[in-house]
Amino acid sequence: MSHAVLLLGPGAPGALRVAVRSLELSVVTMSDQAAEVHLPEGNAAKLANALLERGGFDVGLVPLEGREKKLLLCDMDSTMIGEESLDELAEAFGFGKKVRDITEKAMRGELAFDEALRARVKLFAGLSIDAAATALRERITVNEGADILVRTMVARGARAALVTGGFDIFAAPVGEKLGFHDVYANRLRSADGVLSGEVAEPILGPNAKKARLDDLCAELSLEPSDVVAVGDGANDKAMIEAAGLGIGYRPKPVLAKASDAVLQHADLTAILSLQGVPQADWVMP
């Protein structure tokens with residue numbers, strides 16, 4: 001089976017032409033940050049490894065058959081947005097270090113997701129929901145290429161779901177802004193517009209993300225091979241491993257090992273390039 005070997009990141013097209021010049025391969029430019037060559041599987045793997053050893057770029061190795069996916073699943077915190085939403089909220093109200101320490105342990109897989117989530121949320125008891133939402137709107141930034149990725153896949157007929165261990169009062173606006181069909185998130189308990197410091201059950205954690213993948217595949221009559229999923233932390237691992245194309249975006253080590261492709265240099269539009277969608281067909285904001 002033929003595979004595409006992609007070089008991803010700023011300056012990738014020119015760098016790939018130089019790297020394969022002696023091989024007399026035809027280089028296909030996918031975007032300003034992506035280019036590829038096509039080779040049989042064994043030769044493709046050798047080239048991909050050689051390019052990885054050079055460093056400075058991300059490298060993708062994908063089969064040409066079934067390359068474009070029909071379902072997109074995305075984590076939110078540190079994936080679609082540049083921040084961890086609870087960390088930012090805690091920072092805004094003066095207890096950022098306590099929450100960041102718990103978050104880092106969870107993302108490295110050193111603390112169970114549910115345990116970490118409850119511990120962080122407890123610190124927010126008594127906070128106004130409106131104040132929390134306003135603080136986050138002022139601090140959250142969308143990662144480069146996120147809107148292009150989602151809107152392009154949707155325009156090409158794919159279903160797009162934001163699947164986050166974060167909370168609905170933050171995730172819903174992000175999902176709407178980026179154009180997701182569905183938003184799955186945890187819910188914060190509250191009374192009279194004030195947070196209670198408790199999470200509504202059931203908690204959407206690592207197993208629930210994988211369950212959403214399975215549920216959506218069943219609903220849409222798709223196979224896991226039809227899915228592309230992207231995340232950054234340990235709680236995304238089950239979802240990433242189950243997807244036909246699992247992407248680690250600036251991932252923690254535990255997720256990088258489980259990912260089909262790792263993006264340390266390229267932005268999120270690289271996920272379109274990995275699926276063979278050229279820049280000319282992207283839906284721009």
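Residue numbering for the sequence shown follows full-length UniProt numbering, starting at 1 and increasing by one per position.
Ideal placement from N, C-alpha and C gives every residue a C-beta, glycine not left out.
Would you mind stating whether residue i and residue j have Cβ atoms separated by less than 8 Å?
{"i": "residue 5", "j": "residue 36", "result": "yes"}
{"i": "residue 187", "j": "residue 215", "result": "no"}
{"i": "residue 116", "j": "residue 106", "result": "yes"}
{"i": "residue 143", "j": "residue 82", "result": "yes"}
{"i": "residue 242", "j": "residue 204", "result": "no"}
{"i": "residue 254", "j": "residue 165", "result": "no"}
{"i": "residue 47", "j": "residue 270", "result": "no"}
{"i": "residue 132", "j": "residue 178", "result": "no"}
{"i": "residue 40", "j": "residue 29", "result": "no"}
{"i": "residue 249", "j": "residue 231", "result": "yes"}
{"i": "residue 283", "j": "residue 67", "result": "no"}
{"i": "residue 64", "j": "residue 99", "result": "no"}
{"i": "residue 34", "j": "residue 280", "result": "no"}
{"i": "residue 154", "j": "residue 76", "result": "no"}
{"i": "residue 258", "j": "residue 237", "result": "yes"}
Which value, in whole angstroms, describes the spacing of the CA atoms of residue i and residue j?
{"i": "residue 273", "j": "residue 145", "result": "12 Å"}
{"i": "residue 93", "j": "residue 102", "result": "16 Å"}
{"i": "residue 149", "j": "residue 193", "result": "35 Å"}
{"i": "residue 234", "j": "residue 189", "result": "25 Å"}
{"i": "residue 17", "j": "residue 84", "result": "38 Å"}
{"i": "residue 183", "j": "residue 208", "result": "13 Å"}
{"i": "residue 130", "j": "residue 171", "result": "14 Å"}
{"i": "residue 198", "j": "residue 127", "result": "12 Å"}
{"i": "residue 114", "j": "residue 211", "result": "16 Å"}
{"i": "residue 245", "j": "residue 195", "result": "38 Å"}
{"i": "residue 227", "j": "residue 20", "result": "31 Å"}
{"i": "residue 112", "j": "residue 217", "result": "27 Å"}
{"i": "residue 80", "j": "residue 268", "result": "8 Å"}
{"i": "residue 26", "j": "residue 53", "result": "21 Å"}
{"i": "residue 176", "j": "residue 285", "result": "14 Å"}
{"i": "residue 138", "j": "residue 121", "result": "20 Å"}
{"i": "residue 78", "j": "residue 206", "result": "16 Å"}
{"i": "residue 43", "j": "residue 2", "result": "9 Å"}
{"i": "residue 224", "j": "residue 156", "result": "18 Å"}
{"i": "residue 252", "j": "residue 11", "result": "25 Å"}
{"i": "residue 278", "j": "residue 185", "result": "32 Å"}
{"i": "residue 140", "j": "residue 222", "result": "33 Å"}
Taking DSSP's pairing of strands, which residues face residue i in a bridge?
{"i": "residue 29", "result": "35"}
{"i": "residue 3", "result": "39 and 63"}
{"i": "residue 74", "result": "162 and 230"}
{"i": "residue 271", "result": "Bridge partners of residue 271: none, in fact."}
{"i": "residue 58", "result": "8"}
{"i": "residue 261", "result": "247"}
Exercise. Touch check for the segment 260 to 270 and the segment 51 to 69: three-plus C-beta pairs under 8 Å?
Worked result: In short, these stretches touch, since the Cβ pair count reaches three.
Problem set entry | Any 3 or more C-beta pairs closer than 8 Å across the segment 155 to 162 and the segment 72 to 90 | Contact between the segment 155 to 162 and the segment 72 to 90 is present, because at least three Cβ pairs lie under 8 Å.
Exercise. Unbroken beta strand (DSSP E) runs of length 3 or more, entirely within the segment 135 to 204: which are they?
Worked result: The segment 135 to 204 contains these whole beta strand (DSSP E) runs: 159 to 167, 182 to 186, 188 to 191 and 194 to 199.
Problem set entry | Segments of 4+ residues assigned as alpha helix (DSSP H) that fall wholly inside the segment 76 to 143 | With a minimum length of 4 residues, the continuous alpha helix (DSSP H) runs that stay inside the segment 76 to 143 are 85 to 92, 96 to 107, 113 to 122 and 129 to 139.
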